[in-house]
Structure formats: C-alpha cells, structure tokens
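Asker:
In the numbering used here, the protein residues as written are -10 to 408.
Here you go:
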C-alpha cells in the first residue's frame, strides 16, 4: 500500500471561522506546511467561504482532503470492548450506544475508531479502546448540504476528537486553547507555550505563526494535527469519518491516468480479440484440413476394401469356373461376354447354370448407374433373355444384383443361322 504523502485539512469552528492547511512530508521527518489560509470575514455565506479557502489552498490530485468541524450536539466517548470484526463491532455498538447517549439512536449519525489495545496492570488485555463519535443527524445533514453547495471535493469529514489519541476530561476546552492543542502533538513537552515552542523542529513553513491571532492559531493547529496524523498513518480518511460523503463530493483523482489505463485496456482487449479470432480461424482451417484428409484416407481405405473384396469374389468365381463341367465352353463364352460389357464398377461374384439358363450375382459400388449399365447387357447376341430378379444392399455398402440369363446354345445358334 502507498502511504499518504500530502494532505489538505480544512476546519471550521462554532463561529463559522474556516481554517485550512496543506502539508506534505519533508526531509528528516519534518512536515512542510505548503499553505495556511483563513476565511475572509467579508464572505459571510458558509459555502462561498468554504470554496474560497479551498481554492486558495489549491490541493493537488495527490492530496488527501479532510474536512473537520465541531458539529452541534456532538458526543464523543471511549469504551473498552472486546476486539471484534468490523460487522460484529458495529452490531455490538448499536446495542451499547443507547446506554451512553441521552438521545435516540435514530436521531444521530455515529462512527467509531479503534484507538489501541487496553493495558491492565502493565499487561495487554483482550480489550481494545474504541473511540465513538455521535453527531446530530440534523447537524450532519446541514453540514453536508453546505459542502455540496460549495462544490469542493473531499475524501472524508470528521470531528477533531477522532484524531486525538487520548481524549482529555474537557476536550471542548482544548479546541479553544492553542497551548493545550500543542501538547497533543507527539514529542511536545507538558509545559509547552505557544509563544515559546519551536514549531520549526516539527514543521517548516510556519515562520509567521507567532503573528497569528489566538483563534487563527487554534484553527491552524487543528488542521496541522489532522494533517500530521494522516501523513504518519496514525489515522486514515476511512477510520475517522463520521459517515460517507456523497459521491458528488468525492474527488476524481488521476483522471488522465485512468482514461489512459482504460484506453490501454480497450486496446489490449481488441488485440486479444484479434489474436483469439486469428487462432480460432487457424484452428478452424487446420481442423478442416484434418477432416478433409481424414475423409480422403477413409475413402482410400474403402477403395482398398472394395478392391480386396472384388479380388476375393473374382478368386471365388475362378474357383467356381474350375469346378464346372469340362468342355462347357458356352459358359466361358457367356462369362467372357459379360466381363467385357460390365463397367469397372461391377463384377461377377457367383453363378450357377442349368441347361441353357444361368443365375448370376453381380456387385457394384455405383448403384445410381447400375440400372443403365445392366440394361446395355440385353444387346449381347448370345443372350436370348436378360432379367434382374432382385437386389440387396450389403453391410459393406455394395449393391448385390441377382440376374437371370437365358443364353442360346450352339445347336440353337446354328439352327438359327441355317433357318
């Protein structure tokens, strides 16, 4: 986490006097007072006076801006409670507050800050000291309305008591006495006097401090006390706030950086989308190539299977021819005629003969043109009849056609010639 290196604190008292100081971390642990301003008595409107002080302080974007006020009807107390998680602590305080505050809880706005562990007889205990600040809701809403009307920006609004590490018996008196306020700064002696203390040991830029009026000294010291607490990390804007300010009041820091980061993010997302689309297209193209290659290989394998099946059927056919009656050359003549006329996509797988009739089984891989191819066989001269009896689709995808042929024997052909 990055700490706060610059802080602007603005404080207004019960009389409406407004004080402001801008401080930053310097060398050797000293705090540099960049600017110290006071409200102009000629400006009577609170919002206008607040805006005037803010503009003269001119806080930069890196400044943590804290507003503080002695809210009307504010009640501050310390309670020793068990160290609980935030949600459970709020629940416990919501039950505990009605016992200590003489007004209905519904009429106040309150917050708490854990100061530190409680020590009993020099030993740490399980209890923690909790600083509770309760402010009249009416007073809080009125102050917030004035802040919104002024148009200034701030990180948090608090009461000076929320910054004190030790709550005195009469804290209201301290806020009106610069000598007592000086004692609250770490390292200051108990007998400090605002006319004698060397503030230059802690702050630089306060050369004209002794020339300020007591009211101005008191207001400025409250601002410096808040600024020092923020810079050294003793408190943060969140743990001293009485309640959250409206979003319209919260400063919008480093807009250029945020816009640049947003633009960079958009560019990165666009480049990522382009890269993703390119990868998707490459994968899609590669997948298409793999699929096409797979289909080509599959088709080639099917061709090999069909060729193997065809060769097997031809071997069986040759074996069947060898087993036929010797001297039946007409059978060989019919088979030869068929082989010459059949297209390459068809082959004979089996046959049987009886007298001058023959039953054939013909297989093909192109069933779309099978009817036309077989119709051409009717023109073979040695066939007196050629007919298709039935067809069958096999599991390997081939079409088996059952054909009946009546062929003319040698005697009939000779008779036909002589006649």
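Quick reminder that beta carbons are idealized off the backbone N, C-alpha and C, glycines included.
For residue 271, count the other beta carbons within 10 Å of its own beta carbon; 16 or more makes it buried, fewer makes it exposed. Which is it?
Answerer: Mapped onto the chain shown, residue 271 falls at position 282. Classification for residue 271: exposed.
Asker: Going by DSSP in three states, residue 276 sits in which element: helix, strand or coil?
Answerer: In the chain shown, counting from the first residue as 1, residue 276 sits at position 287. Reduced to three states, the DSSP call for residue 276 is helix.
Asker: Run the CB neighbour count on residue 236, radius 10 Å, all protein chains shown included, and call it buried at 16 or more, exposed below.
Answerer: Reading the chain shown from its first residue, position 247 is the one you call residue 236. Exposed, because fewer than 16 other Cβ atoms sit within 10 Å of the Cβ of residue 236.
Asker: In angstroms, rounded to a whole number, what distance separates the CA positions of residue 258 and residue 63?
Answerer: Residue numbering aside, residue 258 sits at position 269 when the chain shown is read from its first letter. Residue numbering aside, residue 63 sits at position 74 when the chain shown is read from its first letter. Using only the alpha carbons, I get a separation of about 51 Å.
Asker: Using the C-alpha atoms, what's the distance from residue 36 back to residue 138?
Answerer: Numbered from 1 along the chain shown, position 149 holds the residue referred to as residue 138. Numbered from 1 along the chain shown, position 47 holds the residue referred to as residue 36. Rounded to the nearest angstrom, the two C-alpha atoms are 6 Å apart.
Asker: If distances are taken between C-alpha atoms only, which option among 357, 84, 286, 61 comes closest to residue 127?
Answerer: What you label residue 127 is simply residue 138 of the chain shown in a count that begins at 1. The candidate whose alpha carbon is nearest that of residue 127 is 61.
Asker: When we look at the beta-carbon of residue 269 and count the other beta-carbons within 10 Å, is it buried (16 or more) or exposed?
Answerer: By 1-based counting over the chain shown, the position of residue 269 is 280. Exposed, by the Cβ-count rule.
Asker: Candidates 375, 34, 9: which alpha carbon is nearest residue 23's?
Answerer: Within the chain shown, numbered from 1, the residue matching residue 23 stands at position 34. Of 375, 34, 9, the residue nearest in Cα terms is 9.
Asker: Could you check where the beta strand (DSSP E) with residue 71 kicks off and where it finishes?
Answerer: In the chain shown, residue 71 corresponds to position 82, counting from 1. From DSSP, the beta strand (DSSP E) with residue 71 extends over 64 to 71.
Asker: Look up residue 159 in the DSSP assignment and say whether it is helix, strand or coil.
Answerer: Taking the chain shown and counting its residues from 1, the one referred to as residue 159 is at position 170. Residue 159 falls in the coil class under three-state DSSP.
Asker: Taking DSSP's pairing of strands, which residues face residue 14 in a bridge?
Answerer: Start at 1 with the first residue of the chain shown, and residue 14 comes out as number 25. Residue 14 pairs with 20.
Asker: Check the DSSP bridge columns for residue 118 and list the partner residues they point to.
Answerer: Here the question's residue 118 lines up with position 129 in the chain shown. According to DSSP, which records beta bridges pairwise, residue 118 is partnered with 69, 105.
Asker: Can you tell me whether residue 393 is buried or exposed? The criterion is at least 16 other CB atoms within 10 Å of its CB, across all chains shown.
Answerer: Residue numbering aside, residue 393 sits at position 404 when the chain shown is read from its first letter. Exposed, by the Cβ-count rule.
Asker: Given a threshold of 16 other Cβ atoms within 10 Å of its Cβ, counted over all protein chains shown, does residue 153 qualify as buried or as exposed?
Answerer: Start at 1 with the first residue of the chain shown, and residue 153 comes out as number 164. Residue 153 should be labelled buried.
Asker: Which residue marks the beginning of the beta strand (DSSP E) containing residue 84, and which one marks its end?
Answerer: Reading the chain shown from its first residue, position 95 is the one you call residue 84. Not the beta strand (DSSP E): residue 84 falls in the alpha helix (DSSP H), residues 75 to 85.
Asker: Which term fits residue 148, buried or exposed, when burial requires 16 or more other beta carbons within 10 angstroms of its beta carbon?
Answerer: In the chain shown, the residue the question calls residue 148 occupies position 159. So residue 148 counts as buried.
Asker: Can you check DSSP and say which residues form a bridge with residue 374?
Answerer: Within the chain shown, the letter at position 385 stands for residue 374. 395.
Asker: Residue 336: which of 144, 328, 93 sits nearest, CA to CA?
Answerer: Here the question's residue 336 lines up with position 347 in the chain shown. When only C-alpha atoms are compared, the closest one is 328.
Asker: Cutting at 7 Å between CB atoms, please list the residues of its own chain near residue 48, excluding the five before and the five after it.
Answerer: The sequence position of residue 48 within the chain shown is 59, counting from 1. The answer, listed in chain order, is -3, 11, 54.
Asker: So for residue 211, helix, strand or coil by DSSP?
Answerer: By 1-based counting over the chain shown, the position of residue 211 is 222. Residue 211: helix per DSSP, three-state reduction.
Asker: Can you grab the Cα-Cα spacing for the pair residue 331 / residue 289, in whole Å?
Answerer: Here residue 331 refers to the residue found at position 342 when the chain shown is read from its first residue. Here residue 289 refers to the residue found at position 300 when the chain shown is read from its first residue. One C-alpha to the other measures close to 23 Å.
Asker: Note down, in chain order, each residue of its chain lying with its Cβ closer than 7 Å to the Cβ of residue 100, except the 5 sequence neighbours on either side.
Answerer: Here residue 100 refers to the residue found at position 111 of the chain shown. Hits under 7 Å: 122, 230, 231, 232.
Asker: Within 10 angstroms of the Cβ of residue 144, are there 16 or more other Cβ atoms? Answer buried if so, exposed if not.
Answerer: The sequence position of residue 144 within the chain shown is 155, counting from 1. Looking at its Cβ environment, which holds 16 or more other Cβ atoms inside 10 Å, residue 144 is buried.
Asker: Mind checking who residue 421 pairs with in its DSSP beta bridge?
Answerer: Limits of the chain in this structure are -10 at one end and 408 at the other, which puts residue 421 out of reach.
Asker: Select from 189, 349, 132 the residue whose C-alpha is nearest the C-alpha of residue 2.
Answerer: Residue mapping note: residue 2 aligns to position 13 of the chain shown, counting from 1. The option with the nearest alpha carbon to residue 2 is 132.
Asker: How big is the Cα-Cα spacing for residue 403 and residue 340?
Answerer: Translated into positions along the chain shown, residue 403 becomes position 414. Translated into positions along the chain shown, residue 340 becomes position 351. With a pLDDT of 45 at residue 403, under the threshold of 50, the modelled position of that residue is not reliable, and the figure given next carries that caveat. For residue 403 and residue 340, the distance between alpha carbons rounds to 26 Å.
Asker: Quick check on DSSP: helix, strand or coil for residue 134?
Answerer: The residue given as residue 134 occupies position 145 in the chain shown. In the structure shown, residue 134 sits in a helix (DSSP, three-state: H, G or I).
Asker: Just the Cα atoms here: how many angstroms apart are residue 349 and residue 395?
Answerer: Indexing the chain shown from 1 puts residue 349 at position 360. Indexing the chain shown from 1 puts residue 395 at position 406. Cα-Cα distance, rounded: 11 Å.
Asker: Taking 9 Å as the cut-off, decide whether the C-beta atoms of residue -5 and residue 195 are in contact.
Answerer: Here residue -5 is taken as the residue at index 6 of the chain shown, counted from 1. Here residue 195 is taken as the residue at index 206 of the chain shown, counted from 1. For residue -5 and residue 195, no; Cβs fall outside 9 Å.
Asker: Give the range of the alpha helix (DSSP H) segment to which residue 229 is assigned.
Answerer: Counting from one through the chain shown, the residue named residue 229 turns up at place 240. That run of the alpha helix (DSSP H) goes 226 to 229.
Asker: When the Cα atoms are used, what is the spatial distance from residue 57 to residue 224?
Answerer: Residue 57 sits at position 68 when you count from the first residue of the chain shown. Residue 224 sits at position 235 when you count from the first residue of the chain shown. Straight-line Cα distance between these residues: approximately 14 Å.
Asker: Per DSSP, what kind of secondary structure is residue 59 in: helix, strand or coil?
Answerer: In the chain shown, counting from the first residue as 1, residue 59 sits at position 70. Of the three classes helix, strand and coil, the one that applies to residue 59 here is coil, per DSSP.
Asker: Let me know if residue 183 comes out buried or exposed under the rule of 16 or more other beta-carbons within 10 Å of its beta-carbon.
Answerer: Locating residue 183 in the chain shown gives position 194, where the first residue counts as 1. With a pLDDT of only 48 at residue 183, under the threshold of 50, the placement of this residue in the model should not be trusted, and no figure is reported.
Asker: Rounded to whole angstroms, how far is the Cβ of residue 476 from the Cβ of residue 189, which I believe are closer than 8 Å?
Answerer: Because residue 476 is not part of the residues shown, which for the chain are -10 to 408, the question remains open.
Asker: Can you give, in chain order, each stretch of the beta strand (DSSP E) that sits fully within the region 339 to 366 and has at least 3 residues?
Answerer: The region 339 to 366 contains these whole beta strand (DSSP E) runs: 346 to 353.
Asker: For residue 26, name the three-state secondary structure that DSSP assigns.
Answerer: Translated into positions along the chain shown, residue 26 becomes position 37. In this structure, residue 26 counts as strand in the three-state DSSP scheme.
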